[in-house]
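Asker:
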Ligand code: TEU
Ligand code: CA
């Protein structure tokens, strides 16, 4: 079963801008994370992933890097980062850095030089093309709306930007650029980081004919996602950098299904330790941004099971997550952020920690944070949401109130509101007004209250993490689906060499009955954890309360 530290680990994602402000300027920073080390320790996580902390003009909150070897002024200094690394080390917590290698900032000196003339040595570090028929070179769309091409007066050509205009795509076809990238990665490895999360890393190889996109969805994706040389580039990068250090890597990969996933994470291919899948968070957007789609638990069960089987049969691994800085809060999507907030947050947390893969907790998830409810379109900060709002306003199908409602449901700001530490004026995050509005429910949902609550979500997460450490079956057990057709209950087993787990999750706000007698033949089991008052009697036939979760050891 090929043991690895990162298979046994639980990762905690920190969005530094919103975690904790140490110098009272309203912006979270590195020293703010150092101040909260005991909190992370208490939760019991093994590693933290930091969203980008490099120098950046912040057009996309750090995903537009202007210097890969310097720290953003607002976040502190390189010395602060080194101190954080030391403190993490003392607490046995590993550090995963976010690398954004598909694009840089337009303020990076490479791009500044690249755009100056057609024949300068940096020209080919980016993707420049002539226009066609008075327009852009092709019909590819940017993730943030509009064409993915921007005309640049200076040299009368277009450059490609799959994200904002201030995030020009790097040209991985250029060998010299690739060497520079590898040098940067090695520089960070030498500094002692334990791994990387690689931003949209499956977009680095573009079809060099740049054909017009024909498929549904973001136009052109069939030519820029999982492109012709993507695995060649990744294998070269891996061999020349992180594989020499046995670092953990998690590739962020939109437009990847379970079959494509294997090409990135099959152990013998030596590309990534795991990837970040997307499909399990797309059920509520099947009809696009402007409409919240209905979906059924069966779809989620089928999808998760397909991925679990595929990966375990082929020596592959995955990350497990519901929340990150791009995703709305999970209790407001797949759970209940009202009456059953605590129950459903724990039930979802149970799923996160009991499937086969490495769980990633996003800050605030461990206290059951919910989506926001901004009352004005002007409150949104997220570049993606602002683009979508403009798009919908231009289409004119929805009223302002309808746009506000959908923006509140979808916005990445849901994840980015400052971490509520207590009920004081700025939630203990800062003594000044934070860069982004707090979630208005922070007087009720905050760390201090959560730690004091008898039915605390935080404490439940603590237990989940502790159980993973105690029983290897959590990390290594084989996944087996049960009650495949049940409309409300997600049930599965994890089969280990010493123990088996049985997990029962009720995704509904009603009681749900189950009967496992045809699928299981055990009559004794130890209840390891549940989100209701425990009744110790085990039975193959029974009923689960609303959003009840149970984990049994067999
Ligand atoms: O996200 C890539 C990505 O696929 C997102 O644009 C996603 O589709 C969207 O946010 C869903 O709402 C990564 C980063 O995680 C994101 O924060 C960056 O904005 C983006 O890359 C560009 O670097
Ligand atoms: Ca600060």
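Numbering (my numbering), first residue to last: -5 to 548.
A virtual CB, placed ideally from N, CA and C, is assigned to each residue, including glycine.
In this text, all values refer to a predicted model and were calculated from it rather than measured experimentally.
1. Which residues are close to ligand 2, meaning CB closer than 5 Å to any heavy atom, in chain order?
2. Sorry if obvious, but does the Cβ on residue 225 come closer than 8 Å to a heavy atom of ligand 1?
3. Are the CB atoms of residue 190 and residue 87 within a distance shorter than 9 Å?
4. Just to confirm, is the Cβ distance from residue 514 to residue 534 under 9 Å?
5. Can you tell me where the alpha helix (DSSP H) with residue 64 in it begins and where it stops?
6. Tell me where the alpha helix (DSSP H) around residue 467 begins and ends.
7. In chain order, what residues of the same chain lie with their CB nearer than 6 Å to the CB of residue 524, ignoring the 5 residues before and after it?
8. Run the proximity test for residue 488: is its beta-carbon closer than 8 Å to any non-hydrogen atom belonging to ligand 1?
9. Measure the beta-carbon distance from residue 194 to residue 248 and round it to whole angstroms, keeping in mind my assumption that it falls under 8 Å.
10. To the nearest angstrom, how far is the alpha carbon of residue 13 from that of residue 364?
11. Restricting to Cα atoms, I'd like to know which of 494, 540 and 52 is closest to residue 520.
12. What residues in its chain sit with their C-beta under 7 Å from that of residue 373, if we drop five residues either side in the sequence?
13. By the DSSP assignment, the alpha helix (DSSP H) with residue 379 in it spans what residues?
14. Look at residue 137 and residue 212 and say whether their C-beta atoms are less than 9 Å apart.
15. Out of 393, 352 and 377, which one is the CA nearest neighbour of residue 2?
16. State yes or no: is the C-beta of residue 391 within less than 9 Å of the C-beta of residue 284?
17. Threshold first: 4 residues or longer. Then list the alpha helix (DSSP H) segments lying entirely within the segment 76 to 146, N to C.
18. Does the beta-carbon of residue 145 have 16 or more other beta-carbons within 10 angstroms, so that it is buried, or is it exposed?
19. Could you tell me whether the Cβ atoms of residue 192 and residue 218 are closer together than 9 Å?
20. Mapping DSSP to helix, strand and coil, what is residue 441?
21. If distances are taken between C-alpha atoms only, which option among 498, 103 and 11 comes closest to residue 423?
22. Would DSSP call residue 459 helix, strand or coil?
23. Go through its chain and collect everything with a Cβ distance to residue 81's Cβ below 8 Å, but skip five positions before and after it.
24. Residues in the same chain with beta-carbon distance under 8 Å from residue 380, minus the five sequence neighbours each way, listed in chain order, please.
25. For residue 452, which three-state DSSP category applies?
26. Taking the beta strand (DSSP E) that residue 537 belongs to, which residues open and close that run?
27. If we ignore side chains and look at the alpha-carbon of each, how far apart do residue 128 and residue 122 end up?
28. What does the alpha-carbon distance come out to for the pair residue 265 and residue 483?
29. In this structure, what does DSSP give as the bridge partners for residue 51?
30. From the DSSP output, in three-state form, read off residue 153 for me.
31. Given this structure, state the Cα-to-Cα distance separating residue 310 from residue 150, to the nearest angstrom.
32. Please work out which residues of its chain come closer than 7 Å, Cβ to Cβ, to residue 487, disregarding the five sequence neighbours upstream and downstream, and give them in chain order.
33. I need the straight-line Cα distance from residue 221 to residue 165, nearest angstrom please.
34. Is residue 357 near ligand 1, in the sense that its beta carbon is under 8 Å from a heavy atom of that ligand?
35. For ligand 1, I want to know if residue 7 counts as a neighbour, meaning its beta carbon is within less than 8 Å of at least one of the ligand's heavy atoms.
36. From this set, -2, 441 and 403, which residue's C-alpha is nearest residue 421's C-alpha?
Answerer: Once the coordinates are examined:
1. 15, 17, 19, 21 and 23
2. no
3. no
4. yes
5. From DSSP, residue 64 is part of no alpha helix (DSSP H) but of the beta strand (DSSP E) over 61 to 65.
6. 467 to 470
7. 544
8. no
9. 7 Å
10. 16 Å
11. 494
12. 431
13. 377 to 389
14. yes
15. 352
16. yes
17. 103 to 108
18. exposed
19. no
20. helix
21. 11
22. helix
23. 28 and 31
24. 374
25. helix
26. 535 to 538
27. 16 Å
28. 35 Å
29. Paired residue(s): none; residue 51 is not in a bridge.
30. strand
31. 46 Å
32. 474, 476, 494, 495 and 496
33. 13 Å
34. no
35. no
36. 441
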